[in-house]
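Chains as they are written, first to last, in my numbering: chain A, 1 to 285; chain B, 286 to 441. Quick reminder that beta carbons are idealized off the backbone N, C-alpha and C, glycines included. Working notes for the structure below.
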Ligand SMILES: Cc1cc2nc3c(=O)[nH]c(=O)nc-3n(C[C@H](O)[C@H](O)[C@H](O)COP(=O)(O)OP(=O)(O)OC[C@H]3O[C@@H](n4cnc5c(N)ncnc54)[C@H](O)[C@@H]3O)c2cc1C
Ligand code: FES
Ligand code: FES
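Next up, the structure:
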């Protein structure tokens, strides 16, 4: 379908963009890559009267890597992550997860900020933010604030953002060089949203036991979540085949899964277990 | 306010409603009907054009977002004299039947081969996974793209 009638603005600075969103009340919306918003407009799921394009403010486009971790400007595209050779070492889990996002042409425009603001429960980037304890930096007419990923994602397509707030940056904590990690996703076709995916990592102590285990699942329930029961089972243990199988069982038993046109809840729970199992096996290999 | 950009090497200036997608602008206002519109919500890839070197879906872009860019459509990837190597390869491999998906396949393949003339079959499949074809079964399209690679390699 054609888009509903609307106005378009392309402010040069973040402060102008915030002012336009604030003045528009709930009727003005930011547009980044448009790869989720344009379909929503075409379906008339949303009908804002003003679109505020975020493509001009230069500070939103940078990928910064330092001892503190990786900072992704909100307008960093999937393509930019794919092309940045530094990220293979600085954040291999991010790099692996983003390989599963959408298709070639969509990756050339879609952005990380747009993805987390859209908050699709089956999207990879929100899952990485939750699994890695990312912080989301935002700016609005009341000033700037930093939101923990776990507080940012409220539910399906729902976040803690106010209508006049713009995401400026995603901050992923530093990634130790010898961290073990795995990412596995199942979807029917390449580039489709995840039917279920697992993103996980752990560090190892001197004795080879896992510490600091983080296990997140994507595509299950109303948002990505970590699985504390699975993390507890892994911590202080040497990860072997028996423990990997046990982790898969706990995942299937504890994960919150929904039924929809793509799969039953029981299938999704089982699939989540398999994804955790395979991701752990690749982490331990 | 007019939007100014370049299409197939020529400057254009268009005044359209803000809600007009780049796809509709190309087809209805610039009369470049080579760009096809299948789904209008980003899943079929028929509307693919190249903006500043990147293949993008023109149904998911507002005309205003093209301001200052260089757009190449499927018309820009042909000439009146002869088939281009990519076109010839599509013909040789029977990579089209009804032809609806072809503009998106050609623009996507051109963008890919311009950047990655050494890509393998797996990469071609990966890239074309965002373009739907209801006729060919894809195998002939992948073969055509692979066969056209040599034309994109820079002479050593
Ligand atoms: C066919 C298809 C397949 C796809 N497959 C996948 C997939 O497998 N995995 C996946 O993760 N995604 C997928 N996507 C979605 C894609 O990744 C989008 O790029 C992404 O979800 C949104 O990013 P965007 O920059 O395009 O945002 P937009 O579409 O421009 O915006 C999305 C929402 O975020 C808001 N917004 C954007 N930027 C900001 C900001 N900085 N601050 C505050 N609000 C903001 C907008 O107002 C809007 O509500 C797919 C899309 C399509 C069309
Ligand atoms: S018409 Fe644009 S992707 Fe289908
Ligand atoms: S040739 Fe008919 S859709 Fe591809």
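Residues of chain B whose Cβ lies closer than 9 angstroms to the Cβ of residue 5 of chain A are, in chain order, 302, 303 and 304. DSSP places residue 201 of chain A in no alpha helix (DSSP H) but in the uninterrupted beta strand (DSSP E) bounded by 196-204. The beta carbon of residue 418 of chain B sits closer than 8 angstroms to at least one heavy atom of ligand 3.
Per the DSSP secondary-structure output, residue 50 of chain A pairs in a beta bridge with A:7 and A:28.
Bounds of any beta strand (DSSP E) do not take in residue 119 of chain A, whose DSSP letter is neither H nor E. Taking CB atoms only, residue 53 of chain A has a neighbour in chain B less than 9 angstroms away. Residue 440 of chain B carries a coil assignment under DSSP once its states are collapsed to helix, strand and coil. In this structure, residue 50 of chain A sits near residue 27 of chain A, with a CB-CB distance shorter than 9 angstroms. Taking the beta carbon of residue 189 of chain A as reference, the chain B residues within 7 angstroms of it are 414, listed in sequence order.
Comparing alpha-carbon positions, the option among B:377, B:315 and B:343 lying closest to residue 301 of chain B turns out to be B:315. The secondary-structure analysis by DSSP pairs residue 158 of chain A across a beta bridge with A:155. Chain order gives the chain A residues near residue 340 of chain B as 104, 105 and 108, where near means a beta carbon separation below 8 angstroms. Set against 8 angstroms, the gap from the CB of residue 382 of chain B to the closest heavy atom of ligand 3 is smaller. The beta carbon of residue 22 of chain A sits closer than 7 angstroms to the beta carbons of 141 and 164 from its chain, once the five residues preceding and following it are set aside; these are given in chain order.
Contact of residue 411 of chain B with chain A by beta-carbon distance below 9 angstroms involves 103, 104, 190 and 191. The beta-carbon of residue 382 of chain B is placed no less than 9 angstroms from the nearest beta-carbon of chain A. Close to residue 34 of chain A, with beta-carbon spacing below 8 angstroms, are these residues of chain B in chain order: 345, 346, 347 and 350. Burial is judged here by how many other beta carbons sit within 10 angstroms of a residue's own beta carbon; residue 296 of chain B has fewer than 16 and is exposed. No Cβ-Cβ contact shorter than 9 angstroms links residue 167 of chain A with residue 122 of chain A. Short note on residue 304 of chain B: C-beta not closer than 8 angstroms to any heavy atom of ligand 2. Put simply, the backbone Cα of residue 146 of chain A is about 17 angstroms away from that of residue 64 of chain A. One Cα belongs to residue 149 of chain A, the other to residue 210 of chain A, and the distance between them is close to 24 angstroms. In the DSSP annotation of this structure, the continuous segment of the beta strand (DSSP E) that includes residue 295 of chain B starts and ends at 295-299.
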